[in-house]
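> First, the structure itself, so that you have it in front of you.
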Amino acid sequence: MNDLIGFFDSGVGGISVLHTARTLLPRENFFYYGDNGNAPYGNKSLEEIRALCKAGIGQLLQRDVKAIVIACNTATAAYAEILRAEAEIPVIGMEPAIKPAQEARKTGEVLALATQATLSLPKFQRLMSLYGDHVIPLVGEGFVEIVESGKAHTQEAFERVEAVLAPYRDHPIESIVLGCTHYPFLADAIGRCFPHAEIHDGRMGTVQQLRRRLEQQGLLSLAEGGSIEIQTSGGSEVLALMHRLLEDLKEQQSA
Ligand code: DGL
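Using my numbering, the letters of the sequence shown correspond one by one to residues 22 to 276.
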């Protein structure tokens, strides 16, 4: 085993989680694999998603990583249990932040945005049965495609987001859960539609869990400096997009 932490997503979405991870764990070395060539996953069948996860996560296992973060809600819901049963290393997944949104909720409603697959799988159904009061699940139709094509901050993105959210304009929406790791890249557009809603996503929870698991198993890196390597099943353009998105997040953080 070497000192790498593997990150997996269907595409660019997990870059939002990777950014949080490098902030919290600056000494770690990260290897990110995005299956952009096959994204989006969220409207595929469970069998297809599982087969793609097996192949994509196989890329991480080949590098003998010390832990795996499934930086994708869809892949977590479809594949995390299978991987945990097989892998001998810590496997950390994503979870739509319905619990924190429910705990912070006062009197209004919570809009829970995620992919079709995430909303239909048992993990989300379990969360809904525990914390689903006044929570409205909603597919972010077309959101992943917009982010994958590098158009997150365009008028086209705003129009897509507005079209999906418009039916809820008259609801007392108090908070919005971004239950897909691509959606934080659309947070500006979502915020423009519901300026008073609080936004919740699972990034920090996942990375804190990663840190806890590494600590417990004595796997935290003590070396100076960390690194990030990104690979994709997509082309060089999407690879450049992933580096750019990561840089943008760094700049936003220091602004
Ligand atoms: N980032 C994935 C998620 O969190 C995106 C899904 C997709 O490829 O449709 O669900």
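The beta carbon of each residue, even a glycine, is placed where N, CA and C say it ideally should be. None of the values given here were measured: they were computed from a predicted structure.
Using alpha carbons as the reference points, say which of Asn57, Phe29, Glu177 lies closest to Gly79.
Locating residue 79 in the sequence shown gives position 58, counting from the first residue. When Asn57, Phe29, Glu177 are compared, the shortest CA-CA separation from Gly79 is found for Phe29.
> What did DSSP end up calling His174 once you bin it into helix, strand or coil?
By 1-based counting over the sequence shown, the position of residue 174 is 153. Note: His174 maps to coil in three-state DSSP.
> Give the straight-line distance between the Cα atoms of Glu124 and Leu151, rounded to the nearest whole angstrom.
Residue numbering aside, residue 124 sits at position 103 when the sequence shown is read from its first letter. Residue numbering aside, residue 151 sits at position 130 when the sequence shown is read from its first letter. Distance between the alpha carbons of Glu124 and Leu151: 11 Å.
> Which stretch, first to last residue, makes up the alpha helix (DSSP H) that contains Glu68?
Counting from one through the sequence shown, the residue named residue 68 turns up at place 47. Looking at the DSSP string, the run of the alpha helix (DSSP H) that includes Glu68 is 67–83.
> Please classify Ser196 as buried or exposed, where buried requires at least 16 neighbouring CB atoms within 10 angstroms.
In the sequence shown, counting from the first residue as 1, residue 196 sits at position 175. So Ser196 ends up on the buried side.
> Considering Asn295, what are the terminal residues of the beta strand (DSSP E) in which it resides?
Because the chain here runs from 22 to 276, residue 295 falls outside it and cannot be looked at.
> I need the boundaries of the beta strand (DSSP E) containing Ser196, first residue and last residue.
Here the question's residue 196 lines up with position 175 in the sequence shown. Segment 194–199, the beta strand (DSSP E) holding Ser196.
> What first and last residue would you give for the alpha helix (DSSP H) that runs through Phe164?
Reading the sequence shown from its first residue, position 143 is the one you call residue 164. Residues 164–169.
> Secondary structure at Val33, three-state DSSP: helix, strand or coil?
Translated into the one-based positions of the sequence shown, residue 33 becomes position 12. Residue state, collapsed to three classes: coil.
> Among Pro143, His192, Ile220, Cys201, which one has its Cα closest to the Cα of Gly163?
Within the sequence shown, residue 163 is the residue found at index 142, counting from 1. Minimum Cα distance to Gly163 is reached at Cys201.
> Under three-state DSSP, which class holds Leu186?
Within the sequence shown, the letter at position 165 stands for residue 186. Here Leu186 sits in helix by DSSP.
> Ordered along the chain, which non-local residues of its own chain (more than five positions away) have a Cβ less than 8 Å from that of Lys271?
The sequence position of residue 271 within the sequence shown is 250, counting from 1. Same-chain partners within the cutoff: His40.
> Quick one: measure Cβ to Cβ for Gly34 and Val168, integer angstroms, because I've assumed they're closer than 8 Å.
Within the sequence shown, numbered from 1, the residue matching residue 34 stands at position 13. Within the sequence shown, numbered from 1, the residue matching residue 168 stands at position 147. Yes, they are in contact, since the Cβ atoms of Gly34 and Val168 sit about 7 Å apart, within 8 Å.
> Below 9 Å between beta carbons: does that hold for Leu140 and Ala133?
By one-based count along the sequence shown, residue 140 stands at place 119. By one-based count along the sequence shown, residue 133 stands at place 112. Yes, the Cβ-Cβ distance between Leu140 and Ala133 is below 9 Å.
> Who are the near neighbours of Thr97 in its chain, counting only those whose CB is closer than 8 Å to its CB and skipping five residues on each side?
For the purposes of this step, residue 97 is identified with residue 76 of the sequence shown, where counting begins at 1. Taken in chain order, the residues that qualify are Ile91, Gly114, Met115, Glu116, Lys144.
> The alpha helix (DSSP H) spanning Asn94 covers which residue range?
What you label residue 94 is simply residue 73 of the sequence shown in a count that begins at 1. Looking at the DSSP string, the run of the alpha helix (DSSP H) that includes Asn94 is 94–107.
> Would you say Ala96 faces chain D, with C-beta separation under 9 Å as the test?
The question asks about chain D, but that chain is absent: this structure has only one protein chain.
> For Tyr53, which of Ser37, Gly27, Tyr189 has the nearest alpha-carbon?
Counting from one through the sequence shown, the residue named residue 53 turns up at place 32. Nearest of Ser37, Gly27, Tyr189 to Tyr53, Cα basis: Gly27.
> Terminal residues of the continuous alpha helix (DSSP H) containing Ile119?
Residue mapping note: residue 119 aligns to position 98 of the sequence shown, counting from 1. Note, Ile119: alpha helix (DSSP H), 119–125.
> Given the structure, does Val165 come close to the ligand DGL, in the sense that its CB is under 8 Å from one of the ligand's heavy atoms?
Start at 1 with the first residue of the sequence shown, and residue 165 comes out as number 144. At least one heavy atom of the ligand DGL is nearer than 8 Å to the Cβ of Val165, so yes.
> Cβ-heavy atom distance between Ala135 and the ligand DGL below 8 Å?
For the purposes of this step, residue 135 is taken as the residue at position 114 of the sequence shown. Yes, since a heavy atom of the ligand DGL falls inside the 8 Å radius drawn around the Cβ of Ala135.
> Bridge partners for Glu250 per DSSP, in chain order?
Locating residue 250 in the sequence shown gives position 229, where the first residue counts as 1. In DSSP, Glu250 forms a bridge with Phe52.
> Check whether the Cβ atoms of Val165 and Ile211 sit closer than 9 Å, and answer yes or no.
On the sequence shown, position 144 is the one that residue 165 refers to. On the sequence shown, position 190 is the one that residue 211 refers to. Going by C-beta atoms, Val165 is not nearer than 9 Å to Ile211.
> In angstroms, rounded to a whole number, what distance separates the CA positions of Arg190 and Ile220?
Stepping through the sequence shown from its first residue, residue 190 is reached at position 169. Stepping through the sequence shown from its first residue, residue 220 is reached at position 199. Going by the C-alpha atoms only, they are around 16 Å apart.
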